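Novice:
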Amino acid sequence: MTNSLNSDAPNKLNKSAKDKLILLILIGLSIRLLKKIPLPWLNYGLLPELDSPTLLSIGITPLITSSILFQVFNFIPTFKKWRQEAEEEGSSNNKLSRLNKILTIAIACFQAFRFVNKLSPYIYGPSVTKFFVLGLLLVTGSMLLVWMSEIITENIYTSGTSLILSFTTILDEIVRLFAKILTASTISFLPIFFVYIFLLSLVVTIFARSLREFPLISSKQFYSETMPFTNLPFTLNPGAVMALISTESLVRIFESLLINQFHLSNLQSITWLIIIIRSILIVLLSYYCSIIQIDPLTITNQLQKMSISVDNQPPGEPTLLYLKTELKKVYLSGGIILVLLTQLTELIAFFSPQLDLRSYLSSLIIFFSGLLEVDQKIFIKEFQLVTTDKKNFE
């Protein structure tokens, strides 16, 4: 019987992993094909080849923007109260999902309007009907990506948004980066670049796999020695990408103010100041972008309702203070590691400025994070499930 199970376990693993891989490949191919569909009534001869509009020009950014706004809304007392009431009623998921979809569609319509308005000089015989149809096509393409993202999340149990973003944008940027390296860099620079890629992948792996675990103890475990203990895990820097994007936006605003308001034409003289400001912003925003994804107050309330304590801390305010203190250490440490990575990027960009390596950093982090997610959710998780079933059977 055991031998039969041993022979069936790999088949079970391969079948389950194979189904998920096939689904992921089909979605990826579908997205790459949809990206080739051009918009009607446009004079593509006047448009740059890299900026040629397609059905997926808006991408999945409406969903990302909506998710960010929801995280910011958690700091608004009225919204937080409404969310807590919905959680108590047991209908929070439905209400939040419905509101998130409405907000996503509204943002997609706004972005489509701006995009079509930008394309107006290139439209053959512009009219209200053509503007409406073009906007409708762009919104439809964006909603298709949202639907595919939900399919990935439900079937592969990973972040569908990041994988869709990789299929639509990140792959193109990485191909563009490697094309730049092969054409603009010398042969002696290639080993340095590949060492940088290795270090980058190592940092992303640390962010994804390094966990700060808090032991959870339920009221039943005080009276039972046989019940297993569980942990509450937190990753090192879940807000890394958002922190990088926000930092670069704020630094660009700061640089434009120096140029326009203070008439400072040469920023090279204050490079050290910009580096310091960028480093401080990365650390602070890494903490902020991570903490808005993990609300300690919500976690504390949920644990208190389930009569579970964290690391022998009393429930309520002491648990909340303990989580905030410990998570601050975790996320600030993750921010410092991210600063070291950005400084390494700056150093390499100094010797090869034509690559503009800094602008590709967030894309590379998303790409490697997606690979780790696929590896963990498809292969590692399936292997653990099969191993557990085998032990239980024996």
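Residues in the sequence shown are numbered from 1 upward in steps of one, following UniProt numbering. We put the beta carbon where it would ideally sit given N, CA and C, even for glycine. Remember, it's a predicted structure, so these values are computed and weren't measured experimentally.
1. Throw me the rounded Cβ distance for the L144 and L34 pair, which I believe falls under 8 Å.
2. Considering only residues of the same chain and omitting the five flanking positions on each side of I308, which have a CB-CB separation below 6 Å?
3. Buried or exposed: which applies to R176, given that a residue is buried once 16 or more other Cβ atoms fall within 10 Å of its Cβ?
4. Ignore the nearest five residues each way along the sequence and tell me which others in T325's own chain have a CB closer than 8 Å to its CB.
5. Express the C-alpha separation of I282 and I170 in angstroms, rounding to a whole number.
6. Are P296 and L273 close, meaning C-beta to C-beta below 8 Å?
7. Hey, would you say L285 sits closer than 8 Å to L361, going by beta carbons?
8. With a CB to CB cut of under 7 Å and the five nearest residues on each side skipped, what residues in its chain are close to S57?
9. Grouping DSSP H, G and I as helix and E and B as strand, with all else coil, what is M1?
10. Take K20 and list the residues in its own chain whose beta-carbon comes closer than 7 Å to its own, dropping the five residues that flank it on each side.
11. Are the Cβ atoms of D191 and Q111 separated by less than 8 Å?
12. Using a 10 Å radius around the Cβ and a threshold of 16 neighbouring Cβ atoms, would you call G316 buried or exposed?
13. Considering only DSSP beta bridges, list what P215 is partnered with.
14. Using the three-state DSSP reduction, which class does S166 fall into: helix, strand or coil?
15. Are the CB atoms of N260 and G334 nearer to each other than 8 Å?
16. With burial defined as no fewer than 16 other Cβ atoms inside 10 Å of the residue's Cβ, what is the status of R83: buried or exposed?
17. Which same chain residues, not among the five before or five after D375, have their C-beta less than 6 Å away from its C-beta?
18. Here's the rule: buried if 16 or more other CB atoms are within 10 angstroms of the residue's CB, otherwise exposed. What is R278?
19. What residues are listed by DSSP as bridge partners for L344?
20. State the Cα-Cα distance for the pair T247 and L355, rounded to the nearest angstrom.
21. State yes or no: is the C-beta of L42 within less than 8 Å of the C-beta of I123?
22. Since E173 and S352 are thought to touch, with beta carbons under 8 Å apart, how far apart are those beta carbons, to the nearest angstrom?
23. Any idea what DSSP makes of S159, helix, strand or coil?
24. Just to confirm the assignment: which complete alpha helix (DSSP H) runs, minimum length 4, are found wholly within the segment 250-336?
25. Pick out whichever of I68, L200, L39, L99 has its Cα sitting closest to the Cα of L55.
26. If you draw a straight line from the alpha carbon of R252 to that of S359, how long is it in whole angstroms?
27. L211 and T230 - do their beta-carbons sit closer together than 8 Å?
28. Bridge partners for I76 per DSSP, in chain order?
29. In chain order, what residues of the same chain lie with their CB nearer than 8 Å to the CB of S162, ignoring the 5 residues before and after it?
30. Can you tell me which of I76, S30, I64, P121 puts its alpha carbon nearest to the alpha carbon of L47?
31. If we call anything under 8 Å between Cβ atoms a contact, is G160 one with T168?
32. Report the rounded CA-to-CA distance for L165 versus S30, giving the unit in angstroms.
33. Quick check on the DSSP output: the alpha helix (DSSP H) that includes R209 runs from which residue to which?
34. Among I105, N117, F178, whose alpha-carbon lies nearest the alpha-carbon of W147?
35. Which whole-angstrom value is the C-beta distance of I337 and I206, which I expect to be below 8 Å?
Specialist: By the coordinates alone:
1. 7 Å
2. L216, S218
3. exposed
4. none
5. About 21 Å.
6. Cβ distance not < 8 Å, so P296 and L273 don't count as in contact.
7. Taking 8 Å as the cut-off, the beta carbon of L285 is found no closer than this to the beta carbon of L361.
8. F115, L138
9. Note that M1 scores 40 on pLDDT, short of 50, meaning its location in the model is unreliable and no value can be drawn from it.
10. Closer than 7 Å at the Cβ level, and outside the excluded window around K20, lie N155, I156, I378.
11. The question names Asp, but residue 191 is Pro in the sequence shown. Their beta carbons are not under 8 Å apart, which means P191 does not touch Q111 by this criterion.
12. exposed
13. N231
14. Secondary structure of S166 (DSSP, three-state): helix.
15. no
16. buried
17. none
18. buried
19. Beta-bridge pairing links L344 to no other residue.
20. 20 Å
21. Yes, the pair counts as a contact, with Cβ atoms nearer than the cut-off.
22. The pair is not a contact, with the Cβ atoms about 17 Å apart (cut-off 8 Å).
23. coil
24. 271-291, 296-305
25. L39
26. 12 Å
27. no
28. Paired residue(s): none; I76 is not in a bridge.
29. I366, S369, G370, E373
30. P121
31. no
32. 14 Å
33. 189-209
34. I105
35. 7 Å
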